[in-house]
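The working numbering applies: residue 74 is where the sequence shown begins, and numbers increase by one.
A virtual CB, placed ideally from N, CA and C, is assigned to each residue, including glycine.
All of these numbers come straight from a predicted model, not from anything done at the bench.
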Amino acid sequence: MNALIDAQEYPDPVDDDVYSQRFGGFLSWENNAFRKLLNHPRIMPFLAEIVGPKFRLDHVYGILMIEGNPGGRLHGGGTPYDPAQYYVFRNDRMYNGLTVASWALTDMLPGHGGFCCIPGSHKSNYRCPDDFRPVEENKICMAPVHQKAGDVVIFTEALTHGTLPWTASHERRSILFKYSPGHSSWGQGRYDDELRNLMADEDQKLMLEPPYVANRKQVV
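Right, here's the structure in full:
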């Protein structure tokens, strides 16, 4: 996967534009390595429990960071209530909106920076104070989430989370697959037939369908 990214020759991210750290399009690349992550067997049971068995792919992108790139402010948290990004516990089970499977293609170890969160914040009923949101100024309340290359972290977007400045000498590379319940969509985009025809099985194709409720099939 790293070789496939290398072949794209992406420019280095710039410090004043967090979106310069993002890239996409990898689901349509000729090599199917990234498409295999869409419904990887190690994550499917967890997604079914967290999002429900009829979940769909909402959107995807990759993150590249080089040494010295700044972090991003804390966001998410589900307060005030967001009908697309939520955590609710009711009738002996949890329900979640937009949920992320973040795959690490390079190590993100102690002292490197990268993904961080406020543990347990997805259960909060109080808005995160604005003074807490700049990650450089308030590291005491946050926990960095460490990953080795090949690890995946799954989290609800109702969790207050952000990005610590990247301090490692190697590049951060993460691939984020974001899933929604089958009736919901956070992103505006829709997947076309050309991409759907690249999918390896019917479950993958079903996950690319637009949101709806009636007669929607389970993907797991």
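#1: How big is the Cα-Cα spacing for Pro153 and Ala231?
#2: Is DSSP giving Cys33 helix, strand or coil here?
#3: Please classify Asp131: does DSSP put it in a helix, a strand, or coil?
#4: Report the CB separation of Phe128 from Tyr252 in whole angstroms; it is logged as a contact under 8 Å.
#5: Given a cut-off of 9 Å, decide if Gly193 and Leu237 are closer than it, judged by their beta-carbon atoms.
#6: Beta-carbon within less than 6 Å of Met74's beta-carbon, same chain only, minus the 5 sequence neighbours each way: which residues are those?
#7: Can the beta-carbon of Ala157 be found less than 9 Å from the beta-carbon of Leu110?
#8: Report the residue ranges of all beta strand (DSSP E) runs contained in full by the stretch 157–201; include only those spanning at least 3 residues, in chain order.
#9: Taking 6 Å as the limit between beta carbons, can you name the residues of its chain near His234, skipping five residues before and five after?
#10: Under the assumption that Ile139 contacts Glu244 (Cβ atoms under 8 Å), give the Cβ distance between them as a whole number of angstroms.
#11: May I ask you to report which of helix, strand or coil DSSP gives Ser101?
#12: Taking only three categories from DSSP, how would you classify Gln220?
#13: Contact check, Gly135 vs Ile248 under 8 Å by CB: the rounded distance?
#14: Would you call the CB atoms of Asp85 and Trp259 closer than 9 Å?
#15: Taking the alpha carbon of Asp204 as the point to measure from, which residue in Val225, Cys214, Met167, Trp239 has its own alpha carbon closest?
#16: Do you know offhand how far Ile78's Cα is from Val292's?
#17: Return yes when the Cβ of Phe250 is within less than 9 Å of the Cβ of Val133, no when it is not.
#18: Please classify Phe162 as buried or exposed, where buried requires at least 16 neighbouring CB atoms within 10 angstroms.
#19: Is Leu271 helix, strand or coil when you go by DSSP?
#20: What span of residues does the alpha helix (DSSP H) with Leu77 cover, start to end?
#21: Do Arg146 and Val225 have their beta-carbon atoms positioned less than 9 Å apart in this structure?
Judging by the given coordinates:
#1: 10 Å
#2: Outside the shown range of the chain, which is 74 to 293, sits residue 33, and nothing can be said about it.
#3: strand
#4: 5 Å
#5: no
#6: Ala106, Leu178
#7: no
#8: 160–163, 166–169, 172–177, 187–190
#9: Gly149, Cys190
#10: 6 Å
#11: helix
#12: strand
#13: 5 Å
#14: no
#15: Cys214
#16: 29 Å
#17: yes
#18: exposed
#19: coil
#20: 75–81
#21: no
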